[in-house]
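**Q** Before I ask anything, let me first share the structure, which is written out below as structure tokens.
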Amino acid sequence: MGKRILIVDDAAFMRMMIKDILNKNGFEVVGEAQDGVQAVEKYNELQPDLVTMDITMPEMDGITALKQIKDSHSEAKVIMCSAMGQQAMVIDAIQAGAKDFIVKPFQAERVVEAISKALN
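In terms of full-length UniProt numbering, the sequence shown has 78 at position 78, counting the first letter as 1, and numbering is strictly consecutive.
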């Protein structure tokens, strides 16, 4: 059975792209969220094996959402998604407990590699 993944990104197009990569590689997308507030709610509801989390989003950014999820679920596995030029935020995210990060635009091999590594 594929691992259960929650996709968090404010851009529907990005969620669709990553969902397509995951589905083609045997992962199960159990939910999607478009901001950090929804991400925390969905994590609590779905208890996914892993979350792909955009850093820059409205309502609540990805790093704040990551911290909230890790506060209540220390075992949570989160991979941050960032645009180029967000290196400082990526470092913050790793320090806050993110397992890895992937850069947009997504490259299928890198996404699968990061997720597989984080899950093992």
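Note that beta-carbon positions come from the ideal geometry of N, C-alpha and C, so glycine has one too.
Would you kindly report the start and end of the unbroken beta strand (DSSP E) that includes residue 28?
**A** On the sequence shown, residue 28 is found 28 positions in, with the first residue counted as 1. Where residue 28 is concerned, the enclosing beta strand (DSSP E) stretches over 28 to 33.
**Q** Do residue 55 and residue 80 have their C-beta atoms closer together than 7 Å?
**A** On the sequence shown, position 55 is the one that residue 55 refers to. On the sequence shown, position 80 is the one that residue 80 refers to. The answer is yes: Cβ separation under 7 Å.
**Q** From this set, 20, 21, 48 and 17, which residue's C-alpha is nearest residue 31's C-alpha?
**A** In the sequence shown, residue 31 corresponds to position 31, counting from 1. When each option's Cα is compared against that of residue 31, the closest is 48.
**Q** Leaving out the 5 sequence neighbours to the left and right, which residues in its chain are closer than 7 Å to residue 35 when beta-carbon positions are compared?
**A** For the purposes of this step, residue 35 is taken as the residue at position 35 of the sequence shown. Answer for residue 35: 10, 57, 58, 59 and 60, listed in chain order.
**Q** Rounded to a whole number of angstroms, what is the C-alpha to C-alpha distance between residue 84 and residue 5?
**A** For the purposes of this step, residue 84 is identified with residue 84 of the sequence shown, where counting begins at 1. For the purposes of this step, residue 5 is identified with residue 5 of the sequence shown, where counting begins at 1. In a straight line, the C-alpha of residue 84 is about 24 Å away from that of residue 5.
**Q** Hey, residue 78 and residue 51: beta-carbon distance below 7 Å or not?
**A** Stepping through the sequence shown from its first residue, residue 78 is reached at position 78. Stepping through the sequence shown from its first residue, residue 51 is reached at position 51. In contact: residue 78 and residue 51 (Cβ atoms closer than 7 Å).
**Q** Spatial neighbours of residue 97 within its chain, please: C-beta separation below 6 Å, excluding the five flanking residues on both sides.
**A** Against the sequence shown, residue 97 aligns to sequence position 97. Excluding positions up to five away in sequence, the list reads 70.
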